[in-house]
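So the mapping is simple: the numbering used here equals the position in the sequence shown, first residue as 1, plus 1.
Glycine residues also receive a C-beta, built at the ideal position from the N, C-alpha and C atoms.
Have a look at the structure below, then the notes.
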Amino acid sequence: MKLQNRLNALPLPVSALALLSALVLGTLDQQAAGWLLFAAGIVAWVKLDAKQLLKSDRYGLSPALALLAYAALAGSGANIAITFGLALHALVVFLILLSRHLSDDRAQAFSQQKGISARI
């Protein structure tokens, strides 16, 4: 089985798993391992999962997890600019997914109207 097929078979993307683990480690005061997984999650998001964003909604979870993991790892020393950047990125990804769903719903509504008028 190819590596990409195995990665797609996971319940969450690789980046989301790494960032979720970083969040848990940050909560448990294991900052060194948490930062390592945070970096791995960011790299996995950039290299693997960001390209898949429009194919499935599960790839949109990673930016929100990155924001939570950064806050848990940095604690009171969190940089406001980095926090704002992560929040803005998560918002943009959310809006991309929302617009995709709205356009799909609109296209489906128009296709159903066409079917109704054809029957009349």
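Spatial neighbours of residue i in its chain, beta-carbon cut-off 7 Å, leaving aside the 5 residues before and after
| i | result |
| --- | --- |
| Ala79 | Tyr71, Ala72 |
Local Cβ density within 10 Å of residue i, reported as buried at 16 or more and exposed below that
| i | result |
| --- | --- |
| Phe39 | buried |
| Ile43 | buried |
| Ala34 | exposed |
| Pro12 | exposed |
Residue of the options minimising C-alpha distance to residue i
| i | options | result |
| --- | --- | --- |
| Leu20 | Leu96, Pro12, Trp46 | Trp46 |
| Leu69 | Leu98, Ser57, Leu87 | Leu87 |
| Gln53 | Leu66, Leu103, Asp105, Ser16 | Ser16 |
| Pro14 | Gly76, Ala82, Ile81, Leu49 | Leu49 |
| Ile97 | Asp58, Gly76, Gln31 | Asp58 |
| Phe85 | Lys3, Leu37, Ala67, Val25 | Ala67 |
Contacts around residue i, its chain only, beta-carbon distance under 6 Å, and the 5 residues preceding and following it disregarded
| i | result |
| --- | --- |
| Pro64 | His90, Ala91, Val94 |
| Thr28 | Ala73 |
Residue i: first and last residue of the uninterrupted alpha helix (DSSP H) it sits in
| i | result |
| --- | --- |
| Leu38 | 32–45 |
| Gly27 | 15–28 |
Cβ shell of residue i (< 8 Å), same chain only, five flanking positions each side left out
| i | result |
| --- | --- |
| Ala51 | Tyr60 |
For a minimum of 4 consecutive residues, which ranges assigned as the alpha helix (DSSP H) are wholly contained in the stretch 39–96? 62–75
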